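Structure first, commentary second.
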Amino acid sequence: MKTNRKILSIFILCSLLFVSCENTLEKYPLNYPSTETFLRTEIEIQMAIVGIHSPFHLYNDQIPFMIYYDTGSDISSDRDVKPEQIYQNTTAWQLRDIWVNMYKSISRCNFILENIDRASGNVSADKIDRYKAEAKVLRAYCYLTLTSIFGDVPLIDRTLSLEEAYVSRDPIEKVVDFILSQCDEAAQYLQQENQPNTMAITKGFAWAVKARTALYNERWQDAIDACEKIMQLEGIEYILEPNYGDITMLKGKTSKEIIWAIQFNQDDKSQGMPSRMKSRLAGGFSNKMPVQALVDSYECIDGLSIDKSPLYDPKNPWKNRDPRLDHTVALPGSRYFGYQFETDKDSIQCWDYNQSPAVRIANLDATHAYASFSGYCWRKYCDPLESRTDGASSINAIAFRYADILLMYAEAKIEANQLDDSVYESINKVRGRVNMPEITKGKNQQELRSVIRKERKYELAGEGLRLFDIRRWKIADRLMNGMCYGRFPTGYPTAAPYIDEYGNPDYTNFTEKNKFGTKLGARYFDPNRDYLSPIPASERQANPNLTQNQGY
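Each residue of the sequence shown is one higher than the one before, counting from 1 in full-length UniProt numbering.
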């Protein structure tokens with residue numbers, strides 16, 4: 001990573017020369033590469049490839065952008081802003097930064113693809129083909145990100161002159177066709193070997209980008225085909241990590257479940273998720289937090305929801321629950337970073353297990369004015385082995401992992417009404433890792449749709465995919481309107497709320513809902529507008545040819 005950092009520093013200086021207008025200088029700079037000569041050597045190509053990755057180190061409040069998305073969904077809350085203040089706001093800096101950074105990477109990809117043949121004679125044809133393929137897939141990933149948020153976006157596949165800069169938006173169907181074709185073209189030239197703790201661009205990454213793009217846009221067979229290519233490499237390049245709790249921790253950096261992740265390192269390029277997500281006693285700010293609707297979603301170990309399972313005990317609500325709940329959320333009464341994590345307002349003291357013997361200390365997580373408003377904290381991406389006081393973290397931000405591929409495959413098969421044994425096998429592999437009961441065969445399409453939507457929630461919560469799931473399933477208007485709840489300030493409910501067929505709690509008729517804490521506030525979602533985010537106002541001001549999404 002230090003070597004990559006040095007290369008990136010050089011590239012940033014070089015990139016000042018990457019202008020879209022025609023170069024009118026006749027003399028080449030003597031101290032830095034020129035746009036007229038750059039990419040003639042392999043080291044310069046590698047510098048340029050590293051430069052493509054640079055905008056992906058994009059933070060929203062020190063959280064990598066792809067993880068931050070969950071704050072705009074029904075399973076998470078941001079103490080500072082409501083979801084509509086970000087994802088439904090033309091002036092939100094988060095949306096602007098995603099737009100700008102994705103197009104920055106796209107521009108760098110285009111430059112490489114147009115100029116890499118300068119290295120012919122200095123670099124082998126095979127290597128040039130591989131570097132071209134890497135640029136194509138990274139460009140495709142950028143367009144997947146943009147279309148997932150904004151819908152129609154400008155499709156720019158070459159360097160533009162100043163006269164061409166006022167582009168208009170292209171239909172999403174055209175952009176999706178482009179993404180899928182680019183992934184297919186690139187995959188044949190990329191390496192197969194999975195190298196999870198590197199920036200390596202592999203065949204698996206190309207197929208994963210294609211699979212998610214196809215799934216999000218209801219291209220079911222394309223999604224199935226792309227997932228199958230990755231699944232054929234199970235046990236060779238990809239596995240399900242045996243310990244679910246390790247995936248988003250330091251141990252997970254080298255896991256062969258990871259297909260591709262944004263790379264971080266405390267001594268080089270770090271991210272700050274732990275400081276934003278940990279409890280007060282653990283040294284965090286607790287301002288990004290899971291909410292009650294997520295916690296109540298998880299099934300009991302018999303595979304039934306908490307409103308139907310005889311194993312659910314309201315007095316011991318965490319007992320007999322899907323193990324992924326405890327690996328995802330810091331639950332009241334559990335041990336978290338060496339402390340007893342207890343958010344009941346009556347618990348003014350708690351145990352500090354970091355001392356031997358353990359001692360009682362003031363419980364900031366119950367008494368601090370800015371402790372978690374929901375009464376819960378995230379475990380994912382918060383590793384007790386990282387103890388820096390500045391909250392800097394080396395944990396990589398996962399973009400694609402193998403469990404998601406299995407679930408995408410199952411969902412595409414279900415939606416295509418191809419209800420064969422492979423659907424059950426894929427889902428049960430994911431559930432089997434945490435010893436949840438198998439999904440039994442013989443279900444119809446709607447029953448399996450219910451299964452897969454719940455499974456994606458349990459497996460992937462806290463990893464940034466929930467926002468796009470509830471948008472594309474067209475259920476966000478039901479889940480994102482009304483009050484968002486945290487736990488009871490003291491005690492627990494005496495009964496479970498109603499859980500719908502997709503694993504979502506409904507508190508409308510819950511008799512004890514007046515006992516919930518209300519600091520998380522009400523949310524608003526307009527189904528006629530908010531299934532897409534608005535084009536940033538600053539981009540439309542700079543380019544009047546950019547039309548706006550409906551309703552903004």
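Beta carbons are placed, not taken as given, at the ideal position from N, Cα and C, and that holds for glycine. Since the model is a prediction, treat every value here as computed from it, not as a measurement.
Please return the same chain residues whose Cβ sits closer than 8 Å to the Cβ of F178, not counting the five positions on each side in sequence. For the purposes of this step, residue 178 is taken as the residue at position 178 of the sequence shown. Excluding sequence neighbours, F178 sits near A140, Y143, L155, D157.
Going by the beta-carbon positions, is the gap between S305 and G503 smaller than 8 Å? Here the question's residue 305 lines up with position 305 in the sequence shown. Here the question's residue 503 lines up with position 503 in the sequence shown. Yes, the pair counts as a contact, with Cβ atoms nearer than the cut-off.
Give the secondary structure of A261 by DSSP, where H, G and I count as helix, E and B as strand, and everything else as coil. As a working note, residue 261 is residue 261 in the sequence shown. Look at A261 here: in three-state DSSP terms it is strand.
Kindly confirm or deny that the segment 437 to 446 and the segment 458 to 475 touch, where touching means at least three C-beta pairs closer than 8 Å. Fewer than three Cβ pairs drawn from the segment 437 to 446 and the segment 458 to 475 lie within less than 8 Å of each other, which leaves the two stretches out of contact.
Using the C-alpha atoms, what's the distance from G121 back to E42? Taking the first residue of the sequence shown as position 1, residue 42 is located at position 42. Taking the first residue of the sequence shown as position 1, residue 121 is located at position 121. Cα to Cα, E42 sits roughly 11 Å from G121.
Could you tell me the alpha carbon to alpha carbon distance between Y485 and A362, rounded to whole angstroms? The residue labelled residue 485 in the question sits at position 485 within the sequence shown. The residue labelled residue 362 in the question sits at position 362 within the sequence shown. Spanning the two alpha carbons is a distance of roughly 26 Å.
Does DSSP put Y28 in a helix, in a strand, or in coil? Here residue 28 corresponds to residue number 28 of the sequence shown, with the count starting at 1. Below a pLDDT of 50, predicted positions are generally treated as unreliable, and Y28, at 49, falls in that range; the measurement from the model is reported next regardless. Y28: coil per DSSP, three-state reduction.
Nearest by alpha-carbon distance to W220: which of K413, Y244, A371, D352 is it? Numbered from 1 along the sequence shown, position 220 holds the residue referred to as residue 220. If we check each option's Cα against that of W220, K413 comes out closest.
Report the rounded CA-to-CA distance for A330 versus W318, giving the unit in angstroms. Within the sequence shown, numbered from 1, the residue matching residue 330 stands at position 330. Within the sequence shown, numbered from 1, the residue matching residue 318 stands at position 318. Near 11 Å, if we compare the C-alpha coordinates of W318 and A330.
In three-state terms, what does DSSP make of residue 564? The structure shown has nothing for residue 564, since the chain only spans 1 to 552.
Beta-carbon separation (whole angstroms), V291 vs S374, contact threshold 8 Å: Sequence index remark: in the sequence shown, residue 291 carries index 291 (1-based). Sequence index remark: in the sequence shown, residue 374 carries index 374 (1-based). V291 to S374, Cβ: 5 Å. Contact.
When the Cα of N396 is compared with those of I75, Y381, S168, which residue comes out closest? Residue numbering aside, residue 396 sits at position 396 when the sequence shown is read from its first letter. Each of I75, Y381, S168 was checked against the Cα of N396, and the nearest Cα belongs to Y381.
Going by the CB atoms, is the gap between T490 and K256 shorter than 8 Å? As a first step, residue 256 is located in the sequence shown; it is residue number 256 there, counting from the start. As a first step, residue 490 is located in the sequence shown; it is residue number 490 there, counting from the start. No, these two residues do not count as a Cβ contact at 8 Å.
The segment 239 to 250 touching the segment 207 to 224, judged by at least three CB pairs closer than 8 Å: Contact check between the segment 239 to 250 and the segment 207 to 224: fewer than three CB pairs, one atom from each, fall below 8 Å, which does not count as touching.
Beta-carbon gap between S270 and G284 smaller than 8 Å: Mapped onto the sequence shown, residue 270 falls at position 270. Mapped onto the sequence shown, residue 284 falls at position 284. Going by C-beta atoms, S270 is not nearer than 8 Å to G284.
Beta-carbon proximity list for S168, same chain, < 8 Å, skipping 5 on both sides: To locate residue 168, count along the sequence shown from 1; it is residue 168. Its chain contains P154, N545, L546, T547 as the residues whose beta carbon lies nearer than 8 Å to that of S168, once the 5 sequence neighbours on both sides are disregarded; these appear in chain order.
Once DSSP output is grouped into helix, strand and coil, what is the label at A362? On the sequence shown, residue 362 is found 362 positions in, with the first residue counted as 1. DSSP places A362 in strand when its eight states are reduced to three.
Counted within 10 angstroms of its Cβ, other Cβ atoms place W93 as buried (16 or more) or exposed: For this step, residue 93 is matched to residue 93 along the sequence shown. Classification for W93: exposed.
Measure the alpha-carbon distance for R478 versus D500 and round it to whole angstroms. Position 478 of the sequence shown holds residue 478. Position 500 of the sequence shown holds residue 500. Computed Cα separation, rounded: 12 Å.
Given this structure, state the Cα-to-Cα distance separating G517 from S286, to the nearest angstrom. Taking the sequence shown and counting its residues from 1, the one referred to as residue 517 is at position 517. Taking the sequence shown and counting its residues from 1, the one referred to as residue 286 is at position 286. So the alpha carbons of these two residues sit roughly 16 Å apart.
For the candidate residues E455, V434, A416, P196, whose alpha-carbon lies nearest to that of I427? Residue mapping note: residue 427 aligns to position 427 of the sequence shown, counting from 1. If we check each option's Cα against that of I427, E455 comes out closest.
Using CA atoms only, rank isn't needed, just tell me which of F65, A119, C109, S76 is closest to D97. Translated into the one-based positions of the sequence shown, residue 97 becomes position 97. Of F65, A119, C109, S76, the residue nearest in Cα terms is F65.
Endpoints, the alpha helix (DSSP H) within which C350 is located: The residue labelled residue 350 in the question sits at position 350 within the sequence shown. Element bounds for C350: not the alpha helix (DSSP H) but the beta strand (DSSP E), 349 to 352.
Three-state secondary structure (DSSP) at E512? Residue numbering aside, residue 512 sits at position 512 when the sequence shown is read from its first letter. In this structure, E512 counts as coil in the three-state DSSP scheme.
Under the assumption that A293 contacts I452 (Cβ atoms under 8 Å), give the Cβ distance between them as a whole number of angstroms. The sequence position of residue 293 within the sequence shown is 293, counting from 1. The sequence position of residue 452 within the sequence shown is 452, counting from 1. Not quite, the Cβ-Cβ distance comes to about 19 Å (not below 8 Å), so this is no contact.
Do you know how far the Cα of P55 is from the Cα of R130? Position 130 of the sequence shown, counted from the start, is the residue given in the question as residue 130. Position 55 of the sequence shown, counted from the start, is the residue given in the question as residue 55. R130 and P55 have their C-alpha atoms roughly 21 Å apart.
Taking the alpha-carbon positions, what's the L162 to A208 distance? Reading the sequence shown from its first residue, position 162 is the one you call residue 162. Reading the sequence shown from its first residue, position 208 is the one you call residue 208. Rounded to whole angstroms, the separation of the alpha carbons of A208 and L162 is 35 Å.
List the residues that DSSP assigns as beta-bridge partners of N122. Along the sequence shown, read from residue 1 onward, the residue named residue 122 stands at position 122. DSSP, once it has assigned bridges, lists no residue as partnering N122.
Inter-residue spacing [alpha-carbon to alpha-carbon] between P332 and G303: Here residue 332 corresponds to residue number 332 of the sequence shown, with the count starting at 1. Here residue 303 corresponds to residue number 303 of the sequence shown, with the count starting at 1. So the two alpha carbons sit approximately 23 Å from each other.
Exposed or buried, which one is T328 when buried takes at least 16 other CB atoms within 10 Å? Start at 1 with the first residue of the sequence shown, and residue 328 comes out as number 328. Result: buried.
Reduced DSSP secondary structure (H/G/I, E/B, other) of G482: Along the sequence shown, read from residue 1 onward, the residue named residue 482 stands at position 482. In the structure shown, G482 sits in a strand (DSSP, three-state: E or B).
Along the chain, which unbroken stretches of the beta strand (DSSP E) at least 3 residues long are found entirely within the segment 224 to 277? Considered as a whole, the segment 224 to 277 harbours 258 to 262 as its complete beta strand (DSSP E) runs of no fewer than 3 residues, in chain order.
Assuming contact is defined by CB atoms lying nearer than 8 Å, are D307 and P437 in contact in what I supplied? Mapped onto the sequence shown, residue 307 falls at position 307. Mapped onto the sequence shown, residue 437 falls at position 437. No.
If you check the beta carbons only, do M377 and K278 fall under 8 Å apart? Mapped onto the sequence shown, residue 377 falls at position 377. Mapped onto the sequence shown, residue 278 falls at position 278. Position check: residue 377 holds Cys in this sequence, whereas Met was assumed. Yes, they are a contact pair.
What number of angstroms, rounded off, separates the C-alpha of Y353 from the C-alpha of Y339? Within the sequence shown, residue 353 is the residue found at index 353, counting from 1. Within the sequence shown, residue 339 is the residue found at index 339, counting from 1. Using only the alpha carbons, I get a separation of about 6 Å.
Terminal residues of the alpha helix (DSSP H) in which P323 lies: Within the sequence shown, residue 323 is the residue found at index 323, counting from 1. Per DSSP, P323 belongs to the alpha helix (DSSP H) from 323 to 328.
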